[in-house]
Amino acid sequence: MSVIKAEIRSGVYYDSAVLMQLQRSLADLPGVEDAGVIMGTPTNKELLARVDLVTSEVEQAKENDLVIVVRAGDERAANDALQRVDELLSARKSSIQQDYRPRSLEGAQSMMPDANWVLISVAGRYAAGVAREALRLNKHVFLFSDNVSVEEEISLKAEAAHKGLLVMGPDCGTAMINGVGLGFANKVRRGPIGVVAAAGTGLQQVASRIDQLGGGMTFGIGTGGRDLSEKVGGVTFLMGLDALSRDPDTKVIVLVSKPPSPKVADQVLRVARKAGKPVVVNFIGRTPISRRVGNLFFASGLDDAAALAVELAKNPPVLEAEADLKLERFAPGQKYLRGLFSGGTLAYEAQHLLTEYVPKVYANAPINKENKLKDSLVSVEHTIVDLGEDEFTVGRLHPMMDNDLRIRRLMEEADDPEVAVILMDVVIGFGSHPDPASELGPAIAEAKAKAEKSGRYLEVVVVCTGTEEDPQKLSHQIHQLKQGGAWVETSNEAAVRYAGQIIQALNQPAEQSQPMAAPVDLEVLKKPVKAFNVGLESFAENLTAQETPVVHVDWRPPAGGNEKLASILERMKKLSSN
Amino acid sequence: MINIEEANRKAVENMMEARPVVVGVAPAKEVIPGMTDNLLLHAGPPVTWERMSGPMKGNMIGALLFEGKAKDAKEAEAMLASGKFTFAPCHDYASVGPMAGVISPEMMVYIVEDQVFGNKAYSGLNEGRGKVMRMGAYSEDVIQRMRWLNEVFGPTVDAALKSSGGIDLRSLLGKALHMGDDGHNRLDAASILFTTLLAPHVSKVAKNSDIAFDVLKFMGENALTILNPVMAGCKTASMAAHGVEGSTVVSIMGRNGTDFGLKVSGLGDRWFTAPAPHVKALYFAGFTEKDANPDIGDSVITETTGIGGFAMAAAPAIVTFIGGTAQDAIRTTLDMYEITTAEHKYYTIPYLDFRGTPTGVDIRKVVEKQLPPRVNTGVAHKDPGVGQVGAGVVSMPMSAFEDALIAFADKYGI
Chain A
67 MSVIKAEIRS
77 GVYYDSAVLM
87 QLQRSLADLP
97 GVEDAGVIMG
107 TPTNKELLAR
117 VDLVTSEVEQ
127 AKENDLVIVV
137 RAGDERAAND
147 ALQRVDELLS
157 ARKSSIQQDY
167 RPRSLEGAQS
177 MMPDANWVLI
187 SVAGRYAAGV
197 AREALRLNKH
207 VFLFSDNVSV
217 EEEISLKAEA
227 AHKGLLVMGP
237 DCGTAMINGV
247 GLGFANKVRR
257 GPIGVVAAAG
267 TGLQQVASRI
277 DQLGGGMTFG
287 IGTGGRDLSE
297 KVGGVTFLMG
307 LDALSRDPDT
317 KVIVLVSKPP
327 SPKVADQVLR
337 VARKAGKPVV
347 VNFIGRTPIS
357 RRVGNLFFAS
367 GLDDAAALAV
377 ELAKNPPVLE
387 AEADLKLERF
397 APGQKYLRGL
407 FSGGTLAYEA
417 QHLLTEYVPK
427 VYANAPINKE
437 NKLKDSLVSV
447 EHTIVDLGED
457 EFTVGRLHPM
467 MDNDLRIRRL
477 MEEADDPEVA
487 VILMDVVIGF
497 GSHPDPASEL
507 GPAIAEAKAK
517 AEKSGRYLEV
527 VVVCTGTEED
537 PQKLSHQIHQ
547 LKQGGAWVET
557 SNEAAVRYAG
567 QIIQALNQPA
577 EQSQPMAAPV
587 DLEVLKKPVK
597 AFNVGLESFA
607 ENLTAQETPV
617 VHVDWRPPAG
627 GNEKLASILE
637 RMKKLSSN
Chain B
3 MINIEEANRK
13 AVENMMEARP
23 VVVGVAPAKE
33 VIPGMTDNLL
43 LHAGPPVTWE
53 RMSGPMKGNM
63 IGALLFEGKA
73 KDAKEAEAML
83 ASGKFTFAPC
93 HDYASVGPMA
103 GVISPEMMVY
113 IVEDQVFGNK
123 AYSGLNEGRG
133 KVMRMGAYSE
143 DVIQRMRWLN
153 EVFGPTVDAA
163 LKSSGGIDLR
173 SLLGKALHMG
183 DDGHNRLDAA
193 SILFTTLLAP
203 HVSKVAKNSD
213 IAFDVLKFMG
223 ENALTILNPV
233 MAGCKTASMA
243 AHGVEGSTVV
253 SIMGRNGTDF
263 GLKVSGLGDR
273 WFTAPAPHVK
283 ALYFAGFTEK
293 DANPDIGDSV
303 ITETTGIGGF
313 AMAAAPAIVT
323 FIGGTAQDAI
333 RTTLDMYEIT
343 TAEHKYYTIP
353 YLDFRGTPTG
363 VDIRKVVEKQ
373 LPPRVNTGVA
383 HKDPGVGQVG
393 AGVVSMPMSA
403 FEDALIAFAD
413 KYGI
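These protein sequence lines map, in sequence, to chains A and B. The numbering used here applies: residue 67 is where the first sequence begins, and numbers increase by one. The numbering used here applies: residue 3 is where the second sequence begins, and numbers increase by one.
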């Protein structure tokens with residue numbers, strides 16, 4: 067059964083062409099059968115009667131009344147249609163105001179509401195205010211201005227993160243978004259490589275080399291040089307990395323930075339490990355310890371980073387899924403690693419690799435003298451003991467031949483409630499104990515049982531060095547160690563890295579205390595750039611040259627630079643945004 | 003805690019929803035609340051006789067001559083200086099006056115009723131352009147025209163309005179903006195529409211055909227016939243928008259030829275004033291900048307409520323009147339969007355794809371962008387007794403907006 071609903075508006079004038087358009091738009095709405103929009107003259111009312119569009123209100127309408135009437139399949143469709151009248155009346159089709167220069171972002175917004183970026187290059191003391199306005203309008207920000215205080219940067223980035231928006235900068239020179247360069251940027255081919263850079267010319271160098279080497283880019287996300295400092299905490303860098311991780315068109319990610327804060331760099335690398343795609347890292351001034359860790363590829367320089375990225379995009383590497391560390395097994399307070407080695411070189415390499423995961427590892431034979439154990443018999447925090455050192459072998463067989471000392475130390479370490487992981491080596495072959503795992507396997511089981519009794523979990527990681535043809539037979543040794551509950555590897559590096567990941571995770575400070583950033587909306591990020599430009603006019607001209615729509619704002623300092631008035635205005639704005 | 007955005011939305015919503023209808027014409031003393039025998043209303047913020055501008059003094063003199071209270075200009079001047087009369091802003095008596103805008107007790111005024119909020123506002127009968135009393139002229143012919151307006155024109159139009167049931171200004175202005183009017187200085191279309199709507203009723207109610215002829219001829223020839231009712235209509239919109247606690251929307255702007263003044267919706271009855279600016283104008287033959295009085299008149303009530311200079315993009319022809327290009331007209335409207343709160347629901351601009359006119363000046367935006375409201379206006383001679391010498395564009399003085407902003411911050415503890 068059809069429903070007819072009408073609305074009468076008095077004292078309103080609309081052009082008849084506008085009314086005809088409204089009538090057509092209403093008739094096109096879902097569920098609407100017919101619509102009439104007319105002035106209430108007798109002739110018009112007769113017309114409505116003929117097409118069954120009359121209600122008692124329509125009958126009473128006067129000549130000067132605007133009559134809006136719809137006939138719909140049900141009441142809801144009719145009401146919905148009438149509710150959309152104002153929206154349809156105000157819908158604008160095109161923008162004629164092309165060459166008009168608005169005075170504010172707000173004015174620009176009314177001209178190009180679907181802009182997604184705001185480029186800001188005004189004097190530093192005004193830049194944060196403009197950026198805040200841009201964030202209020204839900205735009206990503208390219209903040210070229212420098213001389214913005216770190217406090218302002220932190221607060222802008224917090225606000226942006228909360229809304230899932232990027233603040234690239236302050237002092238961000240370069241960005242490349244969907245093939246469009248913002249600020250100082252090169253014309254780089256589109257392709258599968260995404261770059262996040264806390265270094266403007268670094269980004270330009272890597273991008274240019276990628277292009278020269280035949281590669282191409284999805285995004286070049288700049289962050290500003292201070293982003294990876296401890297104070298700022300890499301907010302934009304991490305958001306950019308996360309966006310590129312989720313972007314299906316980005317197959318390889320490159321991370322470039324001037325020397326970052328070690329703490330923030332660690333966090334970036336932890337997140338990068340989970341990117342699910344190859345990540346090339348070039349943190350200038352931070353010498354990589356190894357060429358590759360899982361999906362992370364460490365480049366020796368900008369050029370190397372570009373080359374690696376192009377190569378990885380061409381020949382995607384096989385990435386193993388990250389091991390589940392099952393951290394829930396450990397009791398609170400368990401956080402240290404103890405390494406009980408028989409082989410000096412293996413102990414040495416272990417110390418070296420572990421620096422990637424924890425800040426300090428003590429040892430009786432340390433790489434760095436500062437980390438020397440005061441007493442080799444007493445472990446401190448993370449400790450690697452080489453039991454093959456002279457001090458232990460006086461009057462006693464080398465631990466490769468005699469397991470007694472190691473087993474005793476193993477039991478001691480197992481009693482320490484702060485110990486989570488014990489790392490050991492078992493080196494077989496000619497000259498070694500004839501069947502070390504026959505003793506170490508049960509000892510490991512016992513150590514784990516002791517911990518379990520105290521409500522803890524002890525992970526024992528063993529690297530087994532040897533071959534199948536050795537008298538002790540590698541697989542036989544592995545089998546016995548596994549029987550004892552050990553995690554066994556045949557690569558020292560793999561064993562150390564596994565242990566390293568566990569203790570790194572267990573020693574992580576409660577970092578979730580900082581509010582989690584809302585993810586950047588990829589759909590918006592991948593839209594063609596439409597920008598507002600505030601500041602250097604050449605940035606707008608550059609966008610126009612790249613056939614990118616841009617509205618240049620004829621911006622002036624708020625209140626003409628009068629600080630008293632400007633601060634009142636700012637307080638009013640805060641009042642409004644609360 | 004106040005919510006400025008919410009308050010402004012409400013103020014502007016009221017401003018737009020006010021629905022002024024011209025319902026009649028009557029002597030000021032009979033209809034304007036508080037009108038007394040020795041009260042003389044004038045345009046703009048309060049001003050003393052000593053500080054009063056030439057054209058306003060001229061209009062005051064003309065008013066006393068017209069009322070028969072003085073026999074010549076000299077006597078009138080002496081009476082006005084004697085302190086026997088009280089001068090007060092029209093705005094404080096629900097009225098508005100173009101240029102000097104003097105309303106004396108015997109003068110006939112249009113009665114405009116807002117049918118939504120119930121406010122009533124008043125404005126005198128328009129004398130046309132040129133040598134007119136509101137521009138400070140008071141010669142015998144000027145006085146005679148005023149008498150005819152008061153005695154013949156006014157009563158006839160009053161009867162015609164009553165016969166018509168009232169003329170709805172909101173729909174009339176909406177239409178006029180689509181016919182090339184700005185609603186302030188260019189009212190050719192609106193005046194014709196007004197005349198067309200009233201003509202049948204004038205012919206019906208006029209005492210004789212000569213009167214009908216004179217009244218209709220005067221209405222038809224005066225492109226500003228509807229200016230005063232439009233201003234009173236805008237005044238009702240202004241009244242509806244005034245007094246919203248926490249609102250930074252400007253509810254009143256006016257000039258008296260000496261000072262510019264404004265009131266803010268959320269700041270009560272306080273006037274914020276600054277010296278009236280000089281108008282950038284084109285002058286009639288024989289006059290120059292030296293002859294011009296500073297800016298004067300309540301007609302800026304049109305801009306205050308979203309038409310006039312703010313709707314210039316609807317009236318590109320106006321640029322011939324103020325000297326400029328059609329692009330200037332469009333730019334002016336686009337600039338005014340930067341300092342206003344809303345786009346008018348009922349007044350739209352065809353050239354801008356029927357975008358609503360910029361409505362509801364926000365002192366915050368004016369101060370932040372240092373972009374004052376722009377107004378199209380007539381220019382009066384600085385001396386009493388001469389009249390109009392030109393027309394042009396003028397920006398309202400920034401310091402009044404800045405003072406208002408500071409006062410707002412004080413009042414609300416911001």
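Where a beta carbon is used, it is the ideal one built from N, C-alpha and C, also for glycine.
Between Q390 (chain B) and V396 (chain B), the C-beta gap is not smaller than 8 angstroms, which leaves the two residues out of contact. Residue environment: H186 (chain B) is assigned as buried (16 or more neighbouring CB atoms within 10 Å of its CB, all protein chains considered). For A197 (chain A), the closest Cβ of chain B is not nearer than 8 angstroms. Residue environment analysis places F396 (chain A) among the buried positions, since at least 16 neighbouring C-beta atoms fall within 10 angstroms of its C-beta. Within 8 angstroms of the CB of Q372 (chain B), the CB atoms of chain A belong to R622, A625, G626, in sequence order along the chain. In terms of Cβ geometry, T302 (chain A) and Q270 (chain A) do not form a close pair [threshold 8 angstroms]. Flagged as an interface residue toward chain A: K177 (chain B), by a C-beta distance shorter than 8 angstroms. Taking 8 angstroms as the cut-off, the Cβ atoms of K206 (chain B) and P107 (chain B) do not count as close. For M283 (chain A), the enclosing beta strand (DSSP E) has its first and last residue at 283–288. Taken atom to atom, the span from the alpha-carbon of H206 (chain A) to that of P344 (chain A) is near 26 angstroms.
For the stretch 630–641 of chain A, the residues whose beta carbon sits under 7 angstroms from a beta carbon of chain B are, in order, L631, I634, L635, R637, M638, L641. Chain order gives the chain B residues near V84 (chain A) as F356, where near means a beta carbon separation below 7 angstroms. Distance from the CA atom of A393 (chain B) to the CA atom of C236 (chain B), rounded to whole angstroms, is 21 angstroms. Nearest CB-CB separation between G521 (chain A) and chain B: not below the 8 angstroms threshold.
Within the stretch 168–190 of chain A, contact with chain B at the beta-carbon level (separation under 8 angstroms) is assigned to P168, R169, S170, E172, G173, S176.
L203 (chain A) has its alpha-carbon roughly 50 angstroms from the corresponding atom of G138 (chain B). The alpha-carbon separation between L226 (chain B) and D165 (chain A) amounts to approximately 34 angstroms. By alpha-carbon distance to N295 (chain B), the top candidate from B:V302, B:Y285, B:I145 is B:Y285. The beta carbon of K413 (chain B) sits closer than 7 angstroms to the beta carbons of L269 from its chain, once the five residues preceding and following it are set aside; these are given in chain order.
Shown here, Y112 (chain B) sits in a strand according to DSSP, grouped into three states. The C-beta of V78 (chain A) comes closer than 8 angstroms to at least one C-beta of chain B.
Of the candidates A:G409, A:S311, A:E394, A:K401, the residue whose Cα lies closest to the Cα of N361 (chain A) is A:S311. Restricting attention to alpha helix (DSSP H) runs no shorter than 4 residues, the stretch 190–272 of chain A encloses them at 190–202, 216–229, ordered along the chain. Going by beta carbons, L635 (chain A) and R366 (chain B) fall inside the 8 angstroms limit. In the three-state scheme derived from DSSP, where H, G and I count as helix and E and B as strand, H93 (chain B) is classed as helix. Exposure of Q126 (chain A) is indicated by the presence of fewer than 16 other C-beta atoms within 10 angstroms of its C-beta. Look at D81 (chain A): its C-beta is under 8 angstroms from a C-beta on chain B. The Cβ atoms of L209 (chain A) and M234 (chain A) sit closer than 8 angstroms to each other.
In summary, N469 (chain A) is buried, with 16 or more beta-carbon neighbours lying within 10 Å of its beta-carbon over all protein chains present.
When DSSP reads this structure, S125 (chain B) sits in a beta bridge with B:Y112. Between the alpha carbons of I63 (chain B) and G415 (chain B) lies a gap of roughly 45 angstroms.
Under the 8 angstroms criterion on CB atoms, Y192 (chain A) is classed as non-interfacial with respect to chain B.
Nearest in C-alpha terms to E555 (chain A), of all of A:C530, A:E479, A:K317, is A:C530. Interface annotation for the stretch 320–343 of chain B against chain A: Q329, I332, R333, L336, D337, Y339, E340, I341, criterion Cβ-Cβ distance under 9 angstroms. Shown here, V134 (chain B) sits in coil according to DSSP, grouped into three states, outside any helix or strand.
Not a single C-beta of chain A is nearer than 8 angstroms to the C-beta of S193 (chain B).
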